[in-house]
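Numbering that gives the first Met the number 0 puts the first residue of the sequence shown at 0, with every later residue one more than the last.
Positions of the beta carbon are idealized from the N, C-alpha and C atoms, including for glycine.
Heads up: the structure comes next, in structure tokens.
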Amino acid sequence: MIMASEPFLPIELEREIFEISAIRHPKIAPVLLRVARRVLIWIEPLLYRVMRVNKFCRRAAAFLEATKKKPPSFFADSVRALCFDNWCDWSVDEARNVLKLCKGVTNFAANARFYTPAMLPVLATMRIQRLVVCLADLFGSFEAIDFTHPLFSKITHLTIGDCFSSVKEHIYAKLPTLPALTHLCLYSVASPTTCTPELLLTDCVRLELLVVLWGRSYIDSATGMAANTPVRDVRLVVSVYSDYWADWNAGAAGLPDLWTRAENVVARRRVMTNKRVVDLPDSCTGLYQLSYVSVQWTVGFTSPTFPLKPTSN
Numbered sequence: 000m001i002m003a004s005e006p007f008l009p010i011e012l013e014r015e016i017f018e019i020s021a022i023r024h025p026k027i028a029p030v031l032l033r034v035a036r037r038v039l040i041w042i043e044p045l046l047y048r049v050m051r052v053n054k055f056c057r058r059a060a061a062f063l064e065a066t067k068k069k070p071p072s073f074f075a076d077s078v079r080a081l082c083f084d085n086w087c088d089w090s091v092d093e094a095r096n097v098l099k100l101c102k103g104v105t106n107f108a109a110n111a112r113f114y115t116p117a118m119l120p121v122l123a124t125m126r127i128q129r130l131v132v133c134l135a136d137l138f139g140s141f142e143a144i145d146f147t148h149p150l151f152s153k154i155t156h157l158t159i160g161d162c163f164s165s166v167k168e169h170i171y172a173k174l175p176t177l178p179a180l181t182h183l184c185l186y187s188v189a190s191p192t193t194c195t196p197e198l199l200l201t202d203c204v205r206l207e208l209l210v211v212l213w214g215r216s217y218i219d220s221a222t223g224m225a226a227n228t229p230v231r232d233v234r235l236v237v238s239v240y241s242d243y244w245a246d247w248n249a250g251a252a253g254l255p256d257l258w259t260r261a262e263n264v265v266a267r268r269r270v271m272t273n274k275r276v277v278d279l280p281d282s283c284t285g286l287y288q289l290s291y292v293s294v295q296w297t298v299g300f301t302s303p304t305f306p307l308k309p310t311s312n
């Protein structure tokens with residue numbers, strides 16, 4: 000039952016207190032909904048601001064059910080970050096229909112299963128700024144990939160999950176055409192030839208960061224790449240992940256993530272021009288151990304934390 004109560008504080012201050020509490024402590028947000036009707040109106044949209052949908056997410060079923068009952072404007076105004084990850088058990092049609100409602104999303108990520116050409120018209124109407132994408136699945140083939148599509152007009156942070164094999168150079172050559180791109184992440188399965196990072200950093204004139212991402216089981220390969228790459232550009236960072244989707248969720252919620260850690264590596268390099276920065280995770284605490292080795296140029300390796308399984312939210 001929702002308890003009726005009159006505010007004891009100025010209404011603007013009361014609202015700010017409740018909203019900050021819900022954002023900083025999301026687990027108590029459902030409880031806050033029962034304080035008063037006005038608090039429900041303030042807080043309920045915050046429950047859906049960041050949605051990582053999977054079978055471990057307690058809110059996923061309620062989210063899907065709510066899309067059938069609430070007006071489309073509610074989700075257009077509420078949802079800002081949306082992810083359908085590897086453990087999402089929704090159908091492709093369910094995911095696409097929900098995405099249609101979430102017109103205000105600026106941060107979108109999905110497993111390859113959810114990317115089909117039918118998603119293109121939906122994404123074209125949105126102002127996506129951060130995207131995790133499998134391009135060949137989204138466009139139907141490598142040959143059909145089109146970086147002039149309206150989808151890419153606002154994207155600043157792009158993570159590409161495709162395995163490009165023999166056509167990768169053709170695709171990489173088109174990346175400099177993206178008008179707003181500042182942050183680019185390539186998976187190790189899509190890792191470029193030795194010359195491509197340097198070409199991307201040269202040709203993508205607005206690029207502030209280029210991350211090559213490896214799975215945790217390839218940590219030796221990642222370390223080797225960080226130590227031996229001929230690229231001298233401080234913007235190149237080699238990174239290792241264990242649970243990428245948990246890292247995405249953290250970043251969407253405003254917490255440190257792959258991008259912010261890599262940015263910190265680049266910032267350290269700029270003030271340590273004669274150091275190599277090697278950033279490794281502490282196996283016990285998930286914190287970072289920093290080693291500095293004097294060299295002629297800079298290259299770095301950074302790693303996100305390693306949760307053992309998807310966290311429910």
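What is the DSSP secondary structure of residue i, counted as helix, strand or coil?
i: Y240; result: strand
i: N227; result: helix
i: R268; result: helix
i: W41; result: helix
i: I144; result: coil
i: Q288; result: With a pLDDT of 27 at Q288, under the threshold of 50, the predicted position of this residue should be treated as unreliable, though the coordinate-derived value follows. It is a strand residue.
i: Y313; result: Residue 313 lies beyond the range of the chain shown here (0 to 312); nothing can be said about it.
i: F151; result: helix
i: R260; result: helix
i: R126; result: coil
i: L199; result: helix
Under DSSP, the alpha helix (DSSP H) around residue i begins and ends at which residues?
i: T181; result: No alpha helix (DSSP H) holds T181; DSSP gives it neither H nor E.
i: F73; result: P71 to S77
i: N96; result: V91 to L100
i: V121; result: L119 to A123
i: A80; result: Premise fails: A80 lies in the beta strand (DSSP E), A80 to F83, not in any alpha helix (DSSP H).
i: V30; result: A28 to L31
Assuming residue i and residue j are in contact, meaning their beta carbons sit under 8 Å apart, how far apart are those beta carbons, in whole angstroms?
i: G160; j: V132; result: 7 Å
i: N85; j: N110; result: 5 Å
i: F146; j: L177; result: 6 Å
i: T201; j: L180; result: Actually they are not in contact, since the Cβ atoms of T201 and L180 sit about 14 Å apart, beyond 8 Å.
i: A117; j: H148; result: Their Cβ separation, rounded to whole angstroms, is 14 Å, which puts A117 and H148 out of contact at 8 Å.
i: A28; j: L45; result: 6 Å
i: L208; j: V265; result: 6 Å
i: R112; j: V97; result: Rounded, the Cβ-Cβ distance is 15 Å, inconsistent with contact.
Only counting the same chain, and skipping five residues up and downstream in sequence, which positions put a Cβ closer than 8 Å to that of residue i?
i: S187; result: V211, L212, W213, G214, Y217, S220 and A221
i: K173; result: I144 and F146
With C-beta atoms as the reference, is residue i less than 8 Å away from residue j?
i: L77; j: R95; result: Note that residue 77 is Ser in the sequence shown here, rather than Leu. In this structure, R95 does not lie closer than 8 Å to S77 by Cβ.
i: C87; j: V52; result: yes
i: A108; j: W258; result: no
i: S206; j: L183; result: Reading off the sequence, residue 206 comes out as Leu, not Ser. Yes, the pair counts as a contact, with Cβ atoms nearer than the cut-off.
i: T66; j: F55; result: no
i: R269; j: V233; result: yes
i: P196; j: L235; result: yes
i: E93; j: L63; result: yes
i: I127; j: K153; result: yes
Given residue i, which residues of its chain have a CB within under 6 Å of its CB, disregarding the five upstream and five downstream residues?
i: V34; result: none
i: Y114; result: C133, D136 and L137
i: R168; result: The amino acid occupying residue 168 in the given sequence is Glu; Arg does not appear at that position. Cβ within range, chain order: n/a, list empty.
i: L150; result: L122 and A123
i: Y243; result: none
Whose C-beta lies closer than 7 Å to the C-beta of residue i among residues of the same chain, with five residues either side of it excluded?
i: A251; result: V49, A80 and N106
Under DSSP, the beta strand (DSSP E) around residue i begins and ends at which residues?
i: A109; result: N106 to A109
i: V210; result: L208 to G214
i: L157; result: H156 to I159
i: V52; result: V49 to V52
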